[in-house]
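For the sequence shown, position 25 (counting from the first letter as 1) is numbered 32 according to this note's numbering, and the numbering increases by one without interruption.
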Amino acid sequence: MTLSLARRKALVLAAAMGGAAALAVVAKPTRRLADERPPVKLESVFPARFGDWQTAPVAGALVRPADEAGRFYGIYDQVLERIYVHPSGERMMLSVAYGTEQSVGLQVHRPEVCYPGSGFVITRLQRLDLPVAGRSLPGSRLLATHSSRSEPITYWTVLGDVVENDSRAFRWRQLKFGLQGQILDGMLVRISSFDTDPERAWTRQAAFASELVSAVPEALRVRVIGKPAAP
Numbered sequence: 008m009t010l011s012l013a014r015r016k017a018l019v020l021a022a023a024m025g026g027a028a029a030l031a032v033v034a035k036p037t038r039r040l041a042d043e044r045p046p047v048k049l050e051s052v053f054p055a056r057f058g059d060w061q062t063a064p065v066a067g068a069l070v071r072p073a074d075e076a077g078r079f080y081g082i083y084d085q086v087l088e089r090i091y092v093h094p095s096g097e098r099m100m101l102s103v104a105y106g107t108e109q110s111v112g113l114q115v116h117r118p119e120v121c122y123p124g125s126g127f128v129i130t131r132l133q134r135l136d137l138p139v140a141g142r143s144l145p146g147s148r149l150l151a152t153h154s155s156r157s158e159p160i161t162y163w164t165v166l167g168d169v170v171e172n173d174s175r176a177f178r179w180r181q182l183k184f185g186l187q188g189q190i191l192d193g194m195l196v197r198i199s200s201f202d203t204d205p206e207r208a209w210t211r212q213a214a215f216a217s218e219l220v221s222a223v224p225e226a227l228r229v230r231v232i233g234k235p236a237a238p
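Following this line, the structure appears as structure tokens:
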């Protein structure tokens with residue numbers, strides 16, 4: 008029986024990634040990008056108050072628990088979880104995970120991967136350019152549902168100084184720098200809300216993301232949204 012073209016391509020890609028991973032292990036990266044930059048303290052990077060938004064007194068009560076496996080295995084050095092409240096009563100949930108060593112074996116957990124582990128069903132996953140603070144960021148949107156809970160989500164990931172929404176490209180970048188003896192740091196920024204109308208929620212999340220990022224200290228903004236793409 009002959010293999011389909013798509014399956015042959017998948018096998019070639021898997022073999023190539025496996026070989027590159029083995030080489031990366033042999034190379035034993037020794038330079039950490041995080042050691043060459045100012046340290047990240049998530050509570051200082053993301054303001055507790057900006058514009059008309061402020062954190063709720065019981066910010067931890069409504070946020071889904073962070074991925075305990077990620078904490079246990081050291082994937083994240085820091086996890087920040089907050090609920091922001093608007094005078095209108097609107098609420099936005101922010102979850103940020105930062106790791107100083109996003110090496111081959113430590114990959115940022117994406118919501119479409121970790122949410123199902125908590126019983127959520129994922130639908131409407133989209134890879135798209137997000138308008139954030141005057142920039143266009145490669146990001147993702149999806150809808151997570153569990154019983155009567157409907158949680159539209161917007162998120163993006165930063166590896167070093169580059170925002171990447173393709174998991175394979177994310178991994179290739181890890182491998183590329185690993186072969187050069189470098190370990191990149193990484194951050195995942197996730198914004199979500201409870202809403203039965205995903206389109207409305209995603210529009211509001213985009214506006215919230217723009218306000219939030221604009222309020223991040225300028226010197227630290229590159230850690231949150233990466234550097235602008237070269238023209």
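Here a beta-carbon is modelled for each residue, glycine too, at the ideal position from N, C-alpha and C.
Within the model, the alpha-carbon separation for Y122 versus T210 is close to 22 Å. One Cα belongs to T203, the other to A216, and the distance between them is close to 20 Å. Residue state for Q187 is assigned as coil, using DSSP reduced to three classes. Beta-bridge pairing by DSSP links H153 to R156.
Taken through DSSP and simplified to helix, strand or coil, A104 comes out as strand. In this structure, A63 places its C-beta atom within 7 Å of the C-beta atom of I90. In terms of Cα proximity to V92, the closest of D192, Q61 and F201 is Q61. If you look at S217, you'll find it in the alpha helix (DSSP H) that goes P205 to A222. Contact annotation: D192 and L40 have beta-carbon atoms nearer than 7 Å. The C-beta of F53 has 16 or more other C-beta atoms within 10 Å across all chains shown, which makes the residue buried. The C-beta distance from L150 to P205 rounds to 5 Å, short enough to fall under 8 Å. Per the DSSP secondary-structure output, S199 pairs in a beta bridge with M100 and I160.
DSSP, read as helix, strand or coil, puts G146 in strand.
Counting of Cβ neighbours within 10 angstroms places A226 among the exposed residues, the total staying below 16. Contact check for M194 and V103: beta-carbon distance about 7 Å, within the 8 Å limit, so the pair qualifies. Bridge partners of T130 according to DSSP: L150. DSSP, reduced to helix, strand and coil, places F57 within a strand of the structure shown. DSSP places R230 inside the alpha helix (DSSP H), whose first and last residues are R228 to I232. When the alpha-carbon of I232 is set against those of R38, L166 and H116, the nearest one is in L166.
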